[in-house]
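Working notes for the structure below.
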Amino acid sequence: MLLIQCPFCGERDLTEFSHGGEAHITRPANPDKISDEEWGDYIFFRTNPKGIQYERWIHSHGCRRWFNAVRDTVSDEFLGFYKSGEQPPKIKRRKVLRK
Amino acid sequence: MVDITERRSALESHYTAGTFGAECNGHPGVMLAVRRNLSIVHVAGKPDDQTFINAIKSACGCDIPFEPGSVSVAGSLSLIWLAADRWMAVSAEPDPGILEATLRRACDDTVAVIDASHASTVLRLSGPQARTVLMKGAPLDFHARTFTPGRVATTMISQCTVTLVCIDQDTFDLYVFRSFAQHMWEWLRDASEEFGYEVSDILSG
């Protein structure tokens, strides 16, 4: 059972949440003026890191609020949670034991 | 002629009062009932707006429950926390327009007041095994010291979103979307079978 800390409701089971992809992607301010390539980057391309990722989650079967989480994509461990609009917490890259 | 203005329960054709399930010698582990004719109004407002706080207090007679997962009660009216800026007012008033009108009169147009009385079916689950039945379905901490009377949580039972309100240690109200009511009712009956359960008469209010 994987627990997620909703910043509003507290610790709840993963099944109540839906994943919303990478966080902190800013919509281009002037979509008419940028190239198709830049627009394609914004719409389709994501960092997809092996390690720490800042991502969006929604408590879809709870308070229905969006928030952000920090997750290690290798171990699936959640390292922090924060509300939308808040500064992301600084997470030090940790040594993960890998064989 | 069928009176189409009359409110009908989503469970009307599935509801049979009586005792079912395991042999329980007159002491069923679980009691199930449907609560009808409630007024349910959703309210969304800014939690830091003093005018909003005062308006709700004057209309409902109780303070807005700001603490996540808490409920305020004033007589037959409950104000239930749903999210950081959303609440649900529930009263036993059978005409849903009255509660909505009262809240709308009290609040200015920065507050959203929406009558949702017909949106959900309200089930009441009680008895010594009621907590155990819920534990079988919802991924929530149901320890008697954690989920105490006056607490509310929106969670998931059998793939459906339910808002659970703890009325007292052994009594819970389940707010289910109307179209999922039959599924939830069947799930509850199935989960209660091992304890023996009684379906009481429909509760009006």
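So the protein lines, in turn, are chains A and B.
Start counting the first sequence at 1159; every next residue gets the next number (the numbering used here).
Start counting the second sequence at 341; every next residue gets the next number (the numbering used here).
Don't be surprised by glycine CBs; every beta carbon is placed ideally from N, CA and C.
All figures in this text were calculated on a predicted structure; none of them were measured in a lab.
Cβ distance (whole Å) where residue i is taken to contact residue j below 8 Å
i: Pro-405/B; j: Glu-538/B; result: Pro-405/B to Glu-538/B, Cβ: 32 Å. No contact.
i: Leu-548/B; j: Ala-399/B; result: There is simply no residue 548/B to check, as chain B begins at 341 and stops at 545 in what is shown.
i: Asp-513/B; j: Arg-471/B; result: That belief does not hold up - the Cβ atoms of Asp-513/B and Arg-471/B are roughly 14 Å apart, past 8 Å.
i: Asn-1226/A; j: Pro-1207/A; result: Incorrect: roughly 15 Å between the Cβ atoms, too far for contact.
i: Arg-1214/A; j: Ala-423/B; result: Contact doesn't hold; Cβ gap of about 17 Å is too wide.
i: Leu-372/B; j: Leu-504/B; result: No, Leu-372/B and Leu-504/B are not in contact; Cβ-Cβ is about 14 Å, not under 8 Å.
Residues near residue i by beta carbon distance below 6 Å, same chain, minus five either side
i: Ala-384/B; result: Asp-425, Arg-426 and Ala-452
i: Ser-544/B; result: Arg-376 and Asn-377
i: Cys-364/B; result: Gly-536
i: Ser-412/B; result: Cys-402, Asp-403, Pro-405 and Leu-419
Chain-order list of residues whose beta-carbon lies under 7 Å from that of residue i (same chain, five-residue window excluded)
i: Leu-351/B; result: Val-374, Thr-461, Ala-521, Gln-522 and Trp-525
i: Gly-1288/A; result: Not covered by the structure: residue 1288/A. The range shown for chain A is 1159 to 1257.
i: Val-370/B; result: Leu-465, Gly-467, Gln-469, Ala-470, Val-473, Ser-532, Phe-535 and Tyr-537
i: Gly-358/B; result: Val-539
i: Glu-440/B; result: Val-381, Val-453 and Asp-455
Residue from the options with nearest C-alpha to residue i
i: Ala-429/B; options: Lys-397/B, Val-473/B, Gly-366/B and Arg-485/B; result: Lys-397/B
i: Pro-434/B; options: Cys-447/B, Gln-390/B, Ile-380/B and Val-413/B; result: Ile-380/B
i: Pro-479/B; options: Ser-466/B, Arg-464/B and Gln-499/B; result: Gln-499/B
i: His-1217/A; options: Ser-1242/A, Pro-1189/A, Ser-1193/A and Pro-1207/A; result: Ser-1242/A
i: Lys-1250/A; options: Trp-1215/A, Glu-1244/A and Gly-1209/A; result: Gly-1209/A
i: Pro-1186/A; options: Arg-1223/A, Asp-1194/A, Asn-1226/A and Tyr-1200/A; result: Tyr-1200/A
i: Arg-518/B; options: Val-502/B, Leu-528/B and Leu-372/B; result: Val-502/B
i: Ala-432/B; options: Ser-416/B, Ile-438/B and Glu-440/B; result: Ser-416/B
i: Glu-346/B; options: Pro-436/B, Glu-407/B and Gly-366/B; result: Pro-436/B
i: Asp-389/B; options: Thr-450/B, Leu-372/B, Gly-477/B and Arg-529/B; result: Thr-450/B
i: Glu-1339/A; options: Phe-1203/A, Asp-1190/A, Leu-1160/A and His-1182/A; result: Chain A is shown from 1159 up to 1257; residue 1339/A falls before or after that span and cannot be answered.
i: Pro-408/B; options: Leu-419/B, Gly-401/B and Cys-402/B; result: Leu-419/B
Same chain only: Cβ atoms within 8 Å of residue i, ignoring 5 sequence neighbours per side
i: Gln-1211/A; result: Glu-1180, Thr-1205, Val-1228, Arg-1229, Asp-1230 and Thr-1231
i: Thr-356/B; result: Val-539
i: Cys-558/B; result: Summary: the structure shown does not reach residue 558/B, with chain B confined to residues 341 through 545, and so no result is reported for it.
i: Glu-533/B; result: Phe-360, Gly-361 and Ala-362
i: Ala-459/B; result: Ile-380, Phe-517 and Arg-518
Spatial distance of residue i from residue j (CA atoms)
i: Pro-468/B; j: Ala-362/B; result: 15 Å
i: Ser-457/B; j: Ser-349/B; result: 11 Å
i: Phe-482/B; j: Met-475/B; result: 7 Å
i: Ser-1272/A; j: Asn-1188/A; result: Coverage of chain A is limited to positions 1159 through 1257, which leaves residue 1272/A absent and any answer about it impossible.
i: Pro-387/B; j: Ile-1192/A; result: 40 Å
i: Ile-497/B; j: Ile-1162/A; result: 18 Å
i: Leu-1172/A; j: Val-516/B; result: 21 Å
i: Asp-541/B; j: Thr-1184/A; result: 56 Å
i: Phe-1202/A; j: Asp-1190/A; result: 18 Å
i: Asn-354/B; j: Gly-1178/A; result: Here the sequence assigns His to residue 354/B, which means Asn is not the residue at that position. Going from the Cα of His-354/B to the Cα of Gly-1178/A covers about 38 Å.
Hey, is the stretch 1229-1247 of chain A in contact with the stretch 488-496 of chain B, meaning 3+ C-beta pairs nearer than 8 Å? Short answer: they don't touch.
Would you call the stretch 472-491 of chain B and the stretch 503-523 of chain B touching, i.e. three or more CB-CB distances under 8 Å? yes
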